[in-house]
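First comes the structure, then the notes that go with it.
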């Protein structure tokens, strides 16, 4: 039996289960960035809690993390945040009904909510790209 | 709690995080750009900067609020992703309790650290 028909494609179904619009790939990226940010965040709570142990503990932890590989990882978290936050704005607006449009007669070509909110999606992605460029400039050019 | 309530809290937490994390990312990662615009707030990871922020009540309250909302939002999302993969009944219960225990213990750790850094 076709596995897509059972509704149990599992993780593979996130990426492909038929013809997807761009929003479906936005959803996939939203999940991946969400899981990545969560993994970082759980460790981040431990790392930053070391400030309660005083200057020595804080500076030894920060010294350990001051390596190019961790700096690059931090930048990836920043990129994931810029995407997840702005795509999340679109999702919440949609969830609350703002981007769905008014109900109307189904006259061809049918008005589709996805098409209606796509300019918003595009605007948010441009904003997200701008934030990523600004962050990359701060991370790698200005050098902190 | 009803699933619909948990989901609404997930959205509400997302909005709180959007505001607080934007400030956090600005302070931590756009610091040179902001400093060039005249905030006078470079090197946010130095011990001196950490102490300055830790001693402010507003920062401490914001830390704890961001900690709670981010843990809830992230772990609820993780739980949804895991439950969506159709685990068995026992596995689903284990996932729920593990996620809850992880969230509560990290919240306690982070809050204690924020309070210790504030009062010291």
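Residue numbers (my numbering), protein chains in the order written: chain A, 1 to 144; chain B, 1001 to 1120. Think of the CB as a built atom: it goes at the ideal place given N, C-alpha and C, for glycine as much as any other residue. This structure is a prediction, so every number in the text was calculated from the model and none was measured.
If you run the structure through DSSP and keep just helix, strand and coil, what is residue 1080 of chain B? helix
Using a Cβ-Cβ cut-off of less than 8 Å, list which residues of the segment 27-46 of chain A approach chain B; keep chain order. 31, 34, 35, 37, 38, 41, 42, 45 and 46
Delimiting residues of the alpha helix (DSSP H) encompassing residue 1107 of chain B: 1089-1119
As a quick exercise: from A/77, A/29 and A/69, pick the residue whose alpha carbon is nearest that of residue 39 of chain A. A/77
Is the beta carbon of residue 134 of chain A closer than 9 Å to that of residue 1045 of chain B? no
Excluding five sequence neighbours on each side, which residues of the same chain lie with their C-beta closer than 8 Å to the C-beta of residue 1107 of chain B? 1067, 1068 and 1071
When the Cα of residue 1047 of chain B is compared with those of A/51, A/72 and A/109, which residue comes out closest? A/51
Starting from the Cα of residue 1092 of chain B, find the closest Cα among B/1080, B/1117 and B/1110 and give me that residue. B/1080
Can you tell me where the alpha helix (DSSP H) with residue 11 of chain A in it begins and where it stops? No alpha helix (DSSP H) holds residue 11 of chain A; DSSP gives it neither H nor E.
Could you confirm whether any beta carbon from chain A is found closer than 9 Å to the beta carbon of residue 1038 of chain B? no
Three-state secondary structure assigned by DSSP to residue 1046 of chain B: coil
Helix, strand or coil: which one does DSSP assign to residue 1005 of chain B? helix
Excluding the five sequence neighbours on either side, which residues of its own chain have a C-beta within less than 8 Å of the C-beta of residue 1017 of chain B, listed in chain order? 1066, 1069, 1070 and 1073
Given that a residue counts as buried once 16 or more other Cβ atoms are within 10 Å of its Cβ, and exposed if not, what is residue 1013 of chain B? buried
Same chain, Cβ closer than 8 Å to residue 1063 of chain B, neighbours up to 5 away in sequence not counted: 1110 and 1114
Going along chain B, which residues have a C-beta under 9 Å from residue 92 of chain A? 1011, 1014, 1015 and 1018
Which residues, in order along the segment 1045-1057 of chain B, keep a beta-carbon less than 7 Å from a beta-carbon of chain A? 1045, 1047, 1050 and 1054
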